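Asks: Each number in this note's numbering corresponds to the 1-based position in the sequence shown with 11 added.
Each residue gets a CB set at the ideal place from its N, CA and C atoms; glycine is no exception.
On a predicted model such as this, the values are computed, not experimentally measured, just so you know.
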Amino acid sequence: MQLSSGKANIQRKSLESLERLNNEYKWAKFEVIFTSGKGKEENLIRTSLSRFPPGLGGGRSPAGFPGGPPGVGTIQEVTVNQSLLAPLNLEIDPNIQQVRKDEKEQIKTLNNKFASFIDKVRFLEQQNKVLETKWTLLQEQGQKNNSSKSNLDPLFEAYINNLRRQLANLLNERGRMDGELKNMQDLVEDFKNKYEEEINRRTAAENEFVVLKKDVDAAYMNKVELEAKVDALKVSAAPTCFPQELAQLSAQVSDTAVILSMDNNRDLDLSSIIAEVKAQYEDIANRSRAEAEAWYQTKFEELQATAGKHGDDLRNTKGEISELNRLIQRIRSEIENTRNQCATLQTAIGDSEERGELALKDAKAKMIDLEDALQKAKADMARQLREYQELMNVKLALDIEIATYRKLLEGEESRWEQNPCVKIVSKTSSSKKSIKSQSLKNATESE
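1) Would a C-beta distance cut-off of 8 Å place D388 and L142 closer than the cut-off?
2) Could you pull out every residue in the same chain whose Cβ sits closer than 8 Å to the Cβ of E428, ignoring the five residues on either side in sequence?
3) Let me check understanding here. Comparing Cα to Cα, which of E365, F220 and L198 lies closest to Y170?
4) Please report the straight-line C-alpha distance between A39 and E412, rounded to a whole angstrom.
5) Taking only three categories from DSSP, how would you classify Q429?
6) Should the segment 116 to 135 be regarded as contacting the segment 379 to 397, the criterion being three or more beta carbon pairs within less than 8 Å?
7) Determine the burial state of L3: buried for a count of at least 16 other Cβ atoms within 10 Å of its Cβ, exposed for fewer.
8) Distance check for Y206 and L314, CA to CA, integer angstroms please.
9) Beta-carbon within less than 7 Å of Q177's beta-carbon, same chain only, minus the 5 sequence neighbours each way: which residues are those?
10) Taking 8 Å as the threshold (C-beta atoms), are M195 and I342 in contact?
11) Using the three-state DSSP reduction, which class does N327 fall into: helix, strand or coil?
12) Do K310 and V199 have their CB atoms nearer than 8 Å?
13) For a test of the three-state rule: what should DSSP assign to N336, helix, strand or coil?
14) Tell me, please, whether the segment 315 to 327 touches the segment 233 to 245 by the rule of three or more beta-carbon pairs shorter than 8 Å.
15) Between the segment 324 to 341 and the segment 209 to 218, can you find at least three pairs of beta-carbon atoms closer than 8 Å?
16) Nearest to R350 by alpha carbon, out of L182, K124, K140 and I107?
17) What distance in whole Å lies between the Cβ atoms of L192 and I346, which are believed to be in contact at a cut-off of 8 Å?
18) Can you name, in chain order, every residue of its own chain whose Cβ lies under 6 Å from the Cβ of D391, other than the five neighbours on each side?
19) How about L149 and L381: do their beta carbons lie closer than 8 Å?
20) For N351, which of helix, strand or coil comes out of DSSP?
21) Kindly indicate which three-state DSSP category N404 falls into: helix, strand or coil?
22) Between the C-alpha atoms of R111 and K131, what's the straight-line distance to the nearest angstrom?
23) Could you tell me how far apart the beta carbons of A303 and K224 are, in whole angstroms, since I believe they sit closer than 8 Å?
24) Figure out for me which residue from G186, S299, G190 and Q109 has the closest Cα to the Cα of L237.
25) Ordered along the chain, which non-local residues of its own chain (more than five positions away) have a Cβ less than 7 Å from that of S363?
26) Nearest CA to the CA of Q152: which residue from A384, A414, M378 and D383?
27) Please state the DSSP three-state secondary structure of N106.
28) Grab me the residues of Y307's own chain with a C-beta within less than 6 Å of its C-beta, minus the 5 sequence neighbours each way, in chain order.
29) Could you tell me the distance, in whole angstroms, from the CA atom of A305 to the CA atom of E334?
30) For G361 and S344, what's the separation of their Cα atoms in angstroms?
31) Give the straight-line distance between the Cα atoms of N180 and E219, rounded to the nearest whole angstrom.
So this is what it looks like as structure tokens:
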């Protein structure tokens, strides 16, 4: 864009300069003042000189007047210009120095732009060489890879196959661990059922123990009450029973007396007999009490032994359940770790596949970008060379035009110098169409 805009500016400025020079040269009006030689009367003759082709000179009339058509020997019609009677106004355009300065600045700017354009062309040539070198290296590397068949595809395939094998092993391990987990869950469920059965048995035993304890307590209370009743009955029945017993004893004694009547040496001792009977009853009551207490004590000990045995079984079952819980937790942690490893490996496989695909796509994209950049660089270089050639052609054309106008001005000056009787006067009809012959001469000399 900068080169095209610079080219357009150069062409536009060149055309403006050529048009300005052409207008100044076309609009130049030269007024020739001469004396006829007859008296003091002066005839003012104005001849309008337009363009003079280089090398022709403009021709002369038979009377020696300049300005006639070339190759014609007659005098043209002469008209008197009354405006020439006014005082002459010989001025130099004050803007000519500014115009010359602007033109020099434009030439300097164009030279700087041309130098920067040359530098840019050289830089692009260097970049083109660098891109060509990179392209050559890439082609050589591609040829080496194609010749040795050691590109990245087999490596990625081998890595992906290895990851797939690891995934298959992990899936098999996962299936085995799932089977073990199922077995352990079944075992835990079995132990849980056994534990619940033992809990139910213990609860039933405890309930039975409570019932038996209540029965023992009730039996003991009944025993105490019965003993109290026996004592009370003994106390209450003693007055009623003693006469009957005395009667019975009396009858026995009478019988014994009959028997003992034969032995007069022995006497009847009722107190000892009563004491003996009382001792026998007490012995019977004590034996009954001891037997009941022994039976209840045995039953209580049996219940305690049964409760202790169930307690030991319960403690053992609790220990086994806690051990199984720890085993379940360990297996669950191992399963969780295995699942995490499986997920990590699957993620790694996906990432590796994505990275491989991205690497291949990136390599292909870089190859395409390098090819596009190379083609673009070649196209830019060709375009810049064409623009450079066009600019050189424009510069050559401008140099030719400048040389042509310079020769034209030099030819006009030499022709005017050959006519000493001719005076050059500038006519200021308007600010835009004023004749600047002296300014053009000074500009030509300065150039």
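Replies: Put simply:
1) Residue 388 is actually Ala in this sequence, not Asp. A distance below 8 Å separates the beta carbons of A388 and L142.
2) Excluding positions up to five away in sequence, the list is empty.
3) Among E365, F220 and L198, the Cα nearest to that of Y170 belongs to E365.
4) With a pLDDT of only 45 at A39, under the threshold of 50, the placement of this residue in the model should not be trusted, and no figure is reported.
5) In the displayed model, Q429 falls within coil according to three-state DSSP, outside both helix and strand.
6) Enough Cβ pairs lie closer than 8 Å, so yes.
7) Any property of residue 3 remains undetermined from this structure, which presents the chain solely from 12 to 458.
8) Distance between L314 and Y206, taken at the CA atoms: about 21 Å.
9) The residues L356, in chain order, have a CB closer than 7 Å to that of Q177 in the same chain once the five nearest residues on each side in sequence are set aside.
10) Against a cut-off of 8 Å, the Cβ pair of M195 and I342 comes out as a contact.
11) Looking at N327 - three-state DSSP - the assignment turns out to be helix.
12) Not closer than 8 Å, so no.
13) Helix.
14) With the cut-off at 8 Å, the segment 315 to 327 and the segment 233 to 245 do not touch.
15) Yes, since at least three Cβ pairs between the segment 209 to 218 and the segment 324 to 341 fall closer than 8 Å, the two stretches touch.
16) It is L182.
17) Your pair I346 and L192 checks out as a contact, with CB atoms roughly 6 Å apart and the cut at 8 Å.
18) Hits under 6 Å: none found.
19) Contact flag set, yes.
20) Helix at N351.
21) Under the three-state reduction of DSSP, N404 is assigned to helix.
22) Rounded to the nearest angstrom, the two C-alpha atoms are 30 Å apart.
23) Beta-carbon to beta-carbon, A303 and K224 are separated by about 16 Å, too far to satisfy the 8 Å threshold.
24) Of the listed residues, the one whose Cα sits closest to L237 is S299.
25) Around S363: Y170, I171 and L174.
26) Checking every option, the nearest Cα to that of Q152 belongs to M378.
27) Note: N106 maps to coil in three-state DSSP.
28) Within the same chain, and ignoring the five residues on either side of Y307 in sequence, the residues whose Cβ sits closer than 6 Å to its Cβ are V227.
29) For A305 and E334, the distance between alpha carbons rounds to 43 Å.
30) Between G361 and S344, the C-alpha separation is close to 25 Å.
31) So the alpha carbons of these two residues sit roughly 57 Å apart.
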